[in-house]
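Have a look at the structure below, then the notes.
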Amino acid sequence: MKALLALLAVRLLCAMERYEAAETHMGTLFRVVVWADSPPPIREVFARARELDDSLSDYRPESELNRLCRAGQAEVGADLWTVLETAQRISRETGGAFDVTAGPVVRLWRDARRTGRLPTAGELRRARSLTGWRKLRLDPRLRRVKLARSGMQLDLGGIAKGYAAGEMLRLLSSRGFPRALVAAGGDIAAGDPPPGRTGWSVEVFGETIVLTRRAISTSGDSEQFVESGGKRYSHIVDPKRGSGLTSRIGVSVEAPSGILADAYATALSVMGAEKARRFAAARPEIRVRISLAGEGLHRAP
Ligand code: ADP
Ligand code: MG
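For the sequence shown, the numbering used here begins at 3 and goes up steadily by one.
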């Protein structure tokens, strides 16, 4: 009987095929890989990515996020709530290194990358006065969000892709497709392993990591820089100093979920290698890898 069952299991595993699809959302190529014995609901999975972009985007003027910023306060939907609540928890934990209210500062440095001109002291002062995670207030009873100052701009660029990857994976699993991987650029969420394997192999900083029901995110890619006076300013900003990071640090974080991996990878880049290592050492659920050359993105299977 046992042998028969084992044989059946082998048969089922052998019948599995690899399905793969890719689409661009949130300005990033999302790649979905699924092992299954029938076609997975790929359309539904990408529709979820679109739905999340409609809610969380800081580029789309009509996103739920931007409507909230214009109104100054609003009752928000479940996704935006989850992302903001997690963001605030991580801000508190990281002493403000992660900060979704840094939108005005992020925009200044984004413009600098486009035009090659650095922000002026006045521009930076104003942007910093609109930044600070304590200026973002959440009321869990009513699921209401309030911005303390008008002109504040929330930016979920450091957390939304990881959340999306995790949510797409969760959707696949809930539809009976747990052997899946979702990679949104450097934000990867892995589910159950491919048949006959112990996990999904992902390459980070030249090392091959095998992931099962875990996520990994890498921040600090070397392409997103503006160069001025021999300095390179990253698209990741230090919210307190109001400046783009200048150190060429690459941080990769392995965590239980996509949202945590993404946000921690951004936060730990701001904290720097030494603090980041200490931070991770106190948290058994995460694992950090650091590349001081500032290079090396993931290559997923
Ligand atoms: P990538 O976009 O390359 O995956 P990240 O996940 O680190 O890299 O996200 C960087 C983005 O996060 C920036 O483009 C900006 O939108 C936002 N951001 C920058 N600095 C911070 C910060 N200190 N805290 C939270 N978000 C940030
Ligand atoms: Mg991030």
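Note that the Cβ used here is the ideal one computed from N, Cα and C, for glycine as well.
| query | result |
| --- | --- |
| What are the start and end residues of each continuous beta strand (DSSP E) run of 3 or more residues lying completely inside the stretch 72-158, in chain order? | 75-77, 138-141, 146-149 |
| So for Asp264, helix, strand or coil by DSSP? | helix |
| Using 8 Å as the cut-off, can you tell me whether the stretch 179-194 makes contact with the stretch 80-91, which would need three or more C-beta pairs spanning the two stretches below that distance? | no |
| Ignoring anything shorter than 3 residues or poking outside the stretch 185-227, list the beta strand (DSSP E) runs there in chain order. | 189-192, 202-206, 209-213, 216-221 |
| Which residue spans inside the stretch 10-49 form an unbroken beta strand (DSSP E) run of at least 3? | 19-27, 30-38 |
| Rounded to whole angstroms, how far is the Cβ of Ala263 from the Cβ of Ser293, which I believe are closer than 8 Å? | Contact doesn't hold; Cβ gap of about 16 Å is too wide. |
| So, for Arg52: in the same chain, excluding its five sequence neighbours on each side, which residues have a beta-carbon less than 7 Å away from its beta-carbon? | His27 |
| Verify the contact flag: Ser221, CB atom, against every heavy atom of the ligand MG, threshold strictly below 6 Å. | yes |
| If we cut at 7 Å on Cβ distances, does Val239 have a partner in chain C? | Among the chains of the structure shown, chain C does not appear; only one protein chain is present. |
| For the candidate residues Ser271, Ala282, Arg216, Arg146, whose alpha-carbon lies nearest to that of Gly74? | Arg146 |
| Quick one: does the C-beta of Thr268 sit closer than 6 Å to a heavy atom of the ligand MG? | yes |
| Tell me, please, whether the stretch 159-169 touches the stretch 251-271 by the rule of three or more beta-carbon pairs shorter than 8 Å. | yes |
| Tyr266 to Phe48, Cα distance in whole Å? | 25 Å |
| Can you tell me where the beta strand (DSSP E) with Ser293 in it begins and where it stops? | 289-293 |
| From Arg62 to Gly29, what distance separates their C-alpha atoms? | 11 Å |
| Compare the Cα-Cα distances from Val78 to each of Pro41, Asp141, Ala24 and report the closest residue. | Asp141 |
| Please report the distance separating the alpha-carbon of Leu138 from that of Arg115. | 27 Å |
| So, for Glu64: in the same chain, excluding its five sequence neighbours on each side, which residues have a beta-carbon less than 7 Å away from its beta-carbon? | none |
| Give me the DSSP bridge partner(s) of Val253. | Ser221, Ile292 |
| Please state the DSSP three-state secondary structure of Ser176. | helix |
| Note down, in chain order, each residue of its chain lying with its Cβ closer than 7 Å to the Cβ of Gly222, except the 5 sequence neighbours on either side. | Ser236, Ile238, Ile251, Gly252, Val253, Ser271, Gly296 |
| Leaving aside the five residues before and after Arg289 along the sequence, list all residues of the same chain whose C-beta is less than 6 Å from its C-beta, in chain order. | Glu256 |
| So, for Gln226: in the same chain, excluding its five sequence neighbours on each side, which residues have a beta-carbon less than 6 Å away from its beta-carbon? | Because Gln226 sits at a pLDDT of 49, beneath the cut-off of 50, its placement in the model cannot be relied upon, and the following sentence gives the value as read from the coordinates. Closer than 6 Å at Cβ, skipping near neighbours: His237. |
| Using the C-alpha atoms, what's the distance from Ala38 back to Ser176? | 14 Å |
| How would you call Ser152, buried or exposed, if buried means at least 16 neighbouring beta carbons within 10 angstroms? | exposed |
| Can you give the Cα-Cα distance for Ala275 and Ala17, rounded to whole angstroms? | 46 Å |
| Enumerate in chain order the residues of its own chain whose CB-to-CB distance from Arg50 is below 7 Å, with the five nearest sequence positions on each side excluded. | Glu169, Met170, Leu173 |
| Residues in the same chain with beta-carbon distance under 8 Å from Arg128, minus the five sequence neighbours each way, listed in chain order, please. | Pro106 |
| Answer yes or no: the CB of Gly160 versus the heavy atoms of the ligand ADP, is any distance below 6 Å? | yes |
| Out of curiosity, what's the CA-to-CA distance linking Leu110 and Leu126? | 8 Å |
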